[in-house]
Amino acid sequence: MFLQPKYIKIFLVLFFLPSLVFASEIKEWQQKKSEHFVVYYTLPDQDSLAGEVSRMAEHYYKVLGELIGYIRYENFWTWDQRALIYIYADQKNFMQKTGQPAWSSGGSADHSYLLKNRVIVTYVQADGFIDGVLPHEITHLVMRDFWGTGKDFPQWFDEGMAQLNETHKRDDVNRIFPKIIKIQGYIPIQVLQKMDVYRETDKNAVAIFYGQSLSMVDFMIKIYGADQFAYFCRQLRDGGSFEESLRRAYPAFSSLEEFEKKWLRYMKNK
Ligand SMILES: [Zn+2]
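Residue numbers are given in our numbering: position 73 of the sequence shown equals residue 73, and the series is strictly consecutive.
Shown next as structure tokens:
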């Protein structure tokens, strides 16, 4: 409940966006290039918004790179490897230009379209894009490149990481989750491990999934430190299974259940 509205309100749309789609319109787009991103926008009066998006995108990229200890060693996502961010002025414009149906129920479509093409497509209706959707999607993009293909680990971990830089979300989760735990409303770790949130239709379950994902990742970093977390990420990248990597990086978590137990204890004492 406390997470989902952002998705509905901001209404992010992600889809396959080859340059072909925009070939006939590309002259309408203004662009702002930074080291790792190109921001496309359609109206001259969005110039300052595009500048802010560009600046914040670089900021999130840097913060994430520092967290996983990665980007400073790699010269990636520059020049023609930059990620593209398309901002439409409004939903009407977006629908007209792309021929997309009325996505009025909101939410984000399957991330895989976005990830394959390193594109973020959105339009801004509310004041939640820059501090919500943008860091979320940038994290997905960076982490996908970091993990490489063929890795199979739980979706909650990916989504937990994606939310780390979403302003206010962590505070919301830390405030609300102890109450959810008290009424046994959380998702047991073995269920969470296999959960595919895109198939989930119960809004409440979706909200709990996102909240718990963020809370668990936040717990790993806050209590055990950034170095250990970065080590864990590298273990995953280098092909360790989720459980193996967890045990290697966190001796305190001898099993998934032990991880869950420690997280629960930490949250209950908040
Ligand atoms: Zn996501």
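Every residue gets a Cβ at the ideal spot worked out from N, C-alpha and C, and that includes glycine.
- Counting only the Cα atoms, Val119 lies some 15 Å from Glu35.
- Residue Pro188 holds the alpha-carbon nearest to the alpha-carbon of Gln212 among Pro188, Tyr198, Gln31.
- Under the rule that a run must span 4 or more residues, the alpha helix (DSSP H) segments found entirely inside the stretch 231-261 read 242-249.
- Residue side-chain check: Asp158 places its Cβ nearer than 8 Å to a non-hydrogen atom of ligand 1.
- The straight-line gap separating the alpha-carbon atoms of Gln91 and Val121 is approximately 12 Å.
- Of the other Cβ atoms in all chains shown, fewer than 16 fall within 10 Å of the Cβ of Thr167; this residue is therefore exposed.
- DSSP places Tyr198 outside any alpha helix (DSSP H), giving it a letter other than H or E.
- With a threshold of 16 other beta carbon atoms within 10 Å, Lys32 meets it and is buried.
- Restricting attention to Val197, Lys62, Asp131, the CA atom closest to the CA of Phe209 is found in Val197.
- Ligand 1 has a heavy atom closer than 8 Å to the beta-carbon of Glu137.
- With a beta-carbon spacing of about 20 Å, Arg82 and Trp147 fall beyond the 8 Å limit used to define contacts.
- In this model, Thr139 and Phe259 are separated by some 24 Å (Cα to Cα).
- Here Leu134 is not near Val173, since their CB atoms are 9 Å or more apart.
- The Cβ atoms of Pro251 and Leu192 do not sit closer than 9 Å to each other.
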